[in-house]
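Data first, discussion second: the structure below is written as structure tokens.
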Amino acid sequence: SQQGEEDPQALSIQEGENATMNCSYKTSINNLQWYRQNSGRGLVHLILIRSNEREKHSGRLRVTLDTSKKSSSLLITASRAADTASYFCATDAFYSGAGSYQLTFGKGTKLSVIP
Amino acid sequence: GAVVSQHPSWVICKSGTSVKIECRSLDFQATTMFWYRQFPKQSLMLMATSNEGSKATYEQGVEKDKFLINHASLTLSTLTVTSAHPEDSSFYICSARAGLLLHEQFFGPGTRLTVL
Numbered sequence: 057s058q059q060g061e062e063d064p065q066a067l068s069i070q071e072g073e074n075a076t077m078n079c080s081y082k083t084s085i086n087n088l089q090w091y092r093q094n095s096g097r098g099l100v101h102l103i104l105i106r107s108n109e110r111e112k113h114s115g116r117l118r119v120t121l122d123t124s125k126k127s128s129s130l131l132i133t134a135s136r137a138a139d140t141a142s143y144f145c146a147t148d149a150f151y152s153g154a155g156s157y158q159l160t161f162g163k164g165t166k167l168s169v170i171p
Numbered sequence: 016g017a018v019v020s021q022h023p024s025w026v027i028c029k030s031g032t033s034v035k036i037e038c039r040s041l042d043f044q045a046t047t048m049f050w051y052r053q054f055p056k057q058s059l060m061l062m063a064t065s066n067e068g069s070k071a072t073y074e075q076g077v078e079k080d081k082f083l084i085n086h087a088s089l090t091l092s093t094l095t096v097t098s099a100h101p102e103d104s105s106f107y108i109c110s111a112r113a114g115l116l117l118h119e120q121f122f123g124p125g126t127r128l129t130v131l
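In order, the protein sequences belong to chains A and B.
Residue numbering for the first sequence follows our numbering, beginning at 57 and increasing consecutively.
Residue numbering for the second sequence follows our numbering, beginning at 16 and increasing consecutively.
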């Protein structure tokens, strides 16, 4: 079942502005990951943050994780038109029923960067 | 990173027919494989998890007799949509992990199924 909830559902910004997307989840996790998906295409892994980490950077991406609030945020700085895509958070946790760790995806944020 | 392939990338079939989708891990052994489904403008929903050599574990609401999953080897999993209907039209994405305790999960490019 889906665990993550992202907000906003849609975000439209001008090129050069920063974009912030938030994700909330409900249960304990091992790590949280962010993915990008261009329309009708496969997933691109962006960044992984472990449950004992609070912040992580990768290029123009900054991810924060607050396990006490069960929330994460993805910041894209100096956005470009090419950043236009849907962004999903995914929580990694162990599910005893399946006997494995699983990724469960949030509903996603559709980002539009206007040139 | 590790590569997961899917075949076919898209398929169109008539209502009532069955469709098989293959998922392969090309350069690693996948102890666990996952099948997700994504309807237009929605997120990925996990359908089932399969550990090599074991029966798949299906998520609530997913009909195991309709969506047959076989994970016969450490590099191959198949999803067969039996007696497909238009409401089964969706984007099916497989994913794989190289070990039970490894947290990298690699995704295939997806298969777009259209049932007429």
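Glycine is no exception: its CB is placed at the ideal position from the N, C-alpha and C atoms.
All figures in this text were calculated on a predicted structure; none of them were measured in a lab.
Exercise for review: List the residues of chain A that I108 (chain B) touches, going by C-beta distances under 9 Å, in chain order.
Suggested key: For this step, residue 108 (chain B) is matched to residue 93 along the second sequence. Ordered by position in chain A, the residues that pass the 9 Å Cβ test against I108 (chain B) are G98 and L99.
Review point. Nearest chain B C-beta to K112 (chain A) closer than 7 Å, yes or no?
Key: Mapped onto the first sequence, residue 112 (chain A) falls at position 56. By this cut-off, K112 (chain A) is not an interface position.
Check your understanding: Is there at least one Cβ from chain B nearer than 7 Å to K163 (chain A)'s Cβ?
Key -> Here residue 163 (chain A) refers to the residue found at position 107 when the first sequence is read from its first residue. Chain B, which has a Cβ nearer than 7 Å to the Cβ of K163 (chain A), makes this yes.
Check your understanding: Can you find a CB in chain A that lies within less than 7 Å of the CB of F82 (chain B)?
Key -> In the second sequence, the residue the question calls residue 82 (chain B) occupies position 67. No, no contact with chain A.
Practice item. Figure out for me which residue from A:H101, A:S84, A:Q158 and A:R106 has the closest Cα to the Cα of Y73 (chain B). Key: Position 58 of the second sequence, counting from 1, holds the residue named residue 73 (chain B). Considering only alpha carbons, the answer is A:Q158.
Point to revise | DSSP-derived helix/strand/coil call for Q58 (chain A) | key: The residue you call residue 58 (chain A) lines up with position 2 of the first sequence. Any answer about Q58 (chain A) is weak, because its pLDDT of 49 lies below 50 and its placement is not dependable; what the coordinates show is given next. Coil, per DSSP.
Practice item. For H113 (chain A), write down the residues that DSSP places opposite it in a beta bridge. Key: In the first sequence, residue 113 (chain A) corresponds to position 57, counting from 1. H113 (chain A) pairs with A:R118.
Exercise for review: Count the other C-beta atoms from every protein chain shown that fall within 10 angstroms of the C-beta of L8 (chain B), then say buried if there are 16 or more, exposed otherwise.
Suggested key: The requested residue 8 (chain B) is not part of the displayed model; chain B covers only 16 to 131.
Exercise for review: Please report how far the alpha carbon of T120 (chain A) lies from the alpha carbon of S33 (chain B), in whole angstroms.
Suggested key: What you label residue 120 (chain A) is simply residue 64 of the first sequence in a count that begins at 1. What you label residue 33 (chain B) is simply residue 18 of the second sequence in a count that begins at 1. Rounded to whole angstroms, T120 (chain A) to S33 (chain B) spans 44 Å at the Cα level.
Exercise for review: Name, please, each residue of chain A whose Cβ falls closer than 9 Å to the Cβ of Q120 (chain B).
Suggested key: As a first step, residue 120 (chain B) must be located in the second sequence, where it is residue number 105. The contacting residues are Q89, H101, A146, D148, Y157, Q158 and L159.
Exercise for review: Given a cut-off of 7 Å, decide if N85 (chain B) and T93 (chain B) are closer than it, judged by their beta-carbon atoms.
Suggested key: Taking the second sequence and counting its residues from 1, one reaches residue 93 (chain B) at position 78. Taking the second sequence and counting its residues from 1, one reaches residue 85 (chain B) at position 70. Closer than 7 Å, so yes.
Practice item. Could you check how far apart the C-beta atoms of R116 (chain A) and I132 (chain A) are, in whole angstroms? I think they sit under 8 Å. Key: Here the question's residue 116 (chain A) lines up with position 60 in the first sequence. Here the question's residue 132 (chain A) lines up with position 76 in the first sequence. Contact holds; Cβ gap of about 6 Å.
Practice item. Give the DSSP-derived three-state secondary structure of A113 (chain B) in the structure shown. Key: Counted from its first residue, the second sequence places residue 113 (chain B) at position 98. In this structure, A113 (chain B) counts as coil in the three-state DSSP scheme.
**Study point:** Distance CB(E62 (chain A))-CB(S135 (chain A)) smaller than 7 Å
**Key:** The residue labelled residue 62 (chain A) in the question sits at position 6 within the first sequence. The residue labelled residue 135 (chain A) in the question sits at position 79 within the first sequence. No, the pair does not count as a contact, with Cβ atoms beyond the cut-off.
Check your understanding: How would you list, in chain order, the residues of chain A whose beta-carbon sits under 8 Å from the beta-carbon of F49 (chain B)?
Key -> For the purposes of this step, residue 49 (chain B) is taken as residue 34 along the second sequence, with counting starting at 1. Result: Q158 and L159.
Check your understanding: For A63 (chain B), which of helix, strand or coil comes out of DSSP?
Key -> If you number the second sequence from 1, residue 63 (chain B) lands on position 48. Strand at A63 (chain B).
Exercise for review: Could you spell out the range, first to last residue, of the beta strand (DSSP E) harbouring F144 (chain A)?
Suggested key: For the purposes of this step, residue 144 (chain A) is identified with residue 88 of the first sequence, where counting begins at 1. Here the beta strand (DSSP E) through F144 (chain A) covers A141 to Y151.
Exercise for review: Step through the CB atoms of chain A and report whether any lies within less than 7 Å of the CB of P124 (chain B).
Suggested key: Numbered from 1 along the second sequence, position 109 holds the residue referred to as residue 124 (chain B). Chain A contact via Cβ: present.
Check your understanding: For chain B, is any of its Cβ atoms less than 7 Å away from the one on A154 (chain A)?
Key -> Position 98 of the first sequence, counted from the start, is the residue given in the question as residue 154 (chain A). By this cut-off, A154 (chain A) is an interface position.
Review point. With distances taken between CB atoms, is the gap from I27 (chain B) to T90 (chain B) smaller than 7 Å?
Key: Counted from its first residue, the second sequence places residue 27 (chain B) at position 12. Counted from its first residue, the second sequence places residue 90 (chain B) at position 75. Their beta carbons are not under 7 Å apart, which means I27 (chain B) does not touch T90 (chain B) by this criterion.
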